[in-house]
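Q: Residue numbers (this note's numbering): 231 to 400.
This is the structure:
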């Protein structure tokens, strides 16, 4: 296991635990909303905002985990019908392009956060930026996870090629 894999494994674990914690907070907020609305007939207004914030965070953190684990959504109708070398190159180009897209979208997401920073949510009285912070965080994770995934796939391909030839990497 190389150093890049170790770092991204730790990062993946931290993102996973953060997503689980946020999911728990969202679940409790929704449960509290149901209880106060239907049992007490006196709904709390802040629970819906909190659940929406948690949902936004879970979506972006979950998408980053999907990218890390190579479980992201993609069209694979033709990918199984092409030779292995072409498949490898196509997936490599795809990963590089998605990493470039993340780099280009990062400044726009930060600009959006700066734009909504002075605005407050009605019930929670926190900045609207809390809803938008997951986007640049996602882009940072993508920028970290994709190169690690690319390096890992190149190393694995080299190891498999050497094993087929009867050589073993040192």
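Every residue gets a Cβ at the ideal spot worked out from N, C-alpha and C, and that includes glycine.
Please determine if the segment 363-374 and the segment 294-314 are in contact, where contact requires at least 3 C-beta pairs separated by less than 8 Å.
A: yes
Q: DSSP state of residue 301, grouped into three classes?
A: As a first step, residue 301 is located in the chain shown; it is residue number 71 there, counting from the start. Residue 301 falls in the coil class under three-state DSSP.
Q: Quick one: residues in its chain with C-beta nearer than 7 Å to the C-beta of residue 335, no 5 flanking neighbours on either side, listed in chain order?
A: To locate residue 335, count along the chain shown from 1; it is residue 105. Only 369 meet the Cβ criterion.
Q: Exposed or buried, what is residue 364 when buried is set at 16 or more other beta-carbons lying within 10 Å of its beta-carbon?
A: As a first step, residue 364 is located in the chain shown; it is residue number 134 there, counting from the start. Label assigned to residue 364: buried.
Q: For residue 242, which beta-bridge partners are listed by DSSP?
A: For the purposes of this step, residue 242 is identified with residue 12 of the chain shown, where counting begins at 1. In the DSSP output, where bridge partners are listed per residue, residue 242 has none listed.
Q: In or out: residue 249 buried (at least 16 other Cβ within 10 Å) or exposed?
A: Here the question's residue 249 lines up with position 19 in the chain shown. It counts as buried.
Q: Quickly, what does DSSP pair residue 350 with across the bridge? List them, please.
A: As a first step, residue 350 is located in the chain shown; it is residue number 120 there, counting from the start. 357, per the DSSP bridge assignment.
Q: Which class does residue 282 belong to by DSSP, given the choice of helix, strand or coil?
A: If you number the chain shown from 1, residue 282 lands on position 52. Residue 282: helix per DSSP, three-state reduction.
Q: Please classify residue 298: is it buried, with 16 or more other beta-carbons within 10 angstroms of its beta-carbon, or exposed?
A: Taking the first residue of the chain shown as 1, we reach residue 298 at position 68. It is buried - the Cβ of residue 298 has at least 16 other Cβ atoms within 10 Å.
Q: Check this for me: beta carbons of residue 339 and residue 346, under 8 Å apart or not?
A: Residue 339 sits at position 109 when you count from the first residue of the chain shown. Residue 346 sits at position 116 when you count from the first residue of the chain shown. No, Cβ-Cβ distance for residue 339 and residue 346 is not below 8 Å.
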